[in-house]
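Engineer: Residues 1 to 155, numbered by the working numbering, are exactly what the sequence shown covers, in order.
We treat Cβ as the ideally placed atom computed from N, Cα and C, and that holds for glycine.
Everything numeric in this text was worked out from a predicted model, so none of it was measured.
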Amino acid sequence: MSSELFVKLKEVEGLYHRPDWYRPLAYGENIYMDTTYLLPGVELVMGSQKYLEGTERLERVIYTMTGTIEVTHANQTVVVNPHTAFIVPLEPTSPFVVKNNGPEVASYIVCYSPPPHPELNIQRREEMIARYRQNNRPVKSAEEMEQLIANPEEI
């Protein structure tokens, strides 16, 4: 079996995707998975302008691992603790706003179908990392990511 089929989270580089950091884990033809990290105080909106324009429609399943996040959707806010899963539908009726109000880094696994940015035709983690470097976007080594997670206040 190919070593690309298996990956250890703590051995993967981190990519900065304003305002969050993530580690791309697995690429399939019709599915993609990463681990996302929200530093304390960080908020993001799931979905993008591409989604609004109809050029990138992604269904997501999220599984929270560490920290506590607030998820706001359709004027309802839910506090989500570790080891909880939720779905962001293919065609959400309103945005999903995710915020880390806690003192520690919050992390969650996200599975997307189809993989994001289909126009880029990225099929391997190394291709995404190379693209980030080519575009001078922040990339942290696996060791630097572990340090970021342990000590976010040192950024």
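Going by CA-CA distance only, name the one from Arg60, Met145, Met46 and Arg133 that's closest to Pro115.
Structural biologist: Arg60
Engineer: Please decide whether Val42 counts as near chain C, where near means a Cβ-Cβ distance under 8 Å.
Structural biologist: Within the model displayed, chain C is absent; a lone protein chain is all it includes.
Engineer: Taking 6 Å as the limit between beta carbons, can you name the residues of its chain near Thr64, skipping five residues before and five after?
Structural biologist: Val80, Pro82, Thr84 and Tyr108
Engineer: Taking 8 Å as the cut-off, decide whether the C-beta atoms of Arg137 and Tyr16 are in contact.
Structural biologist: yes
Engineer: When burial is assigned at 16 or more other CB atoms within 10 Å of the CB, is Val78 buried or exposed?
Structural biologist: exposed
Engineer: Out of Val7, Leu5, Arg23 and Arg18, which has the shortest C-alpha to C-alpha gap to Glu144?
Structural biologist: Glu144 has its Cα closest to that of Arg23, out of Val7, Leu5, Arg23 and Arg18.
Engineer: Where does Lys140 sit, in a helix, a strand or coil, going by DSSP?
Structural biologist: In the structure shown, Lys140 sits in a strand (DSSP, three-state: E or B).
Engineer: Could you check if Pro118 is buried or exposed, using at least 16 other CB atoms within 10 Å of its CB as the buried criterion?
Structural biologist: Only exposed fits Pro118, as fewer than 16 other CB atoms lie within 10 angstroms of its CB.
Engineer: Out of curiosity, what's the CA-to-CA distance linking Val97 and Glu29?
Structural biologist: Here the alpha carbons of Glu29 and Val97 stand approximately 28 Å from one another.
Engineer: Can you check which of these residues, Ile31, Thr35 and Asn75, is closest to Ile122 by C-alpha distance?
Structural biologist: Ile31
Engineer: Does Thr35 pass the burial test, meaning 16 or more other C-beta atoms within 10 Å, or should it be called exposed?
Structural biologist: buried
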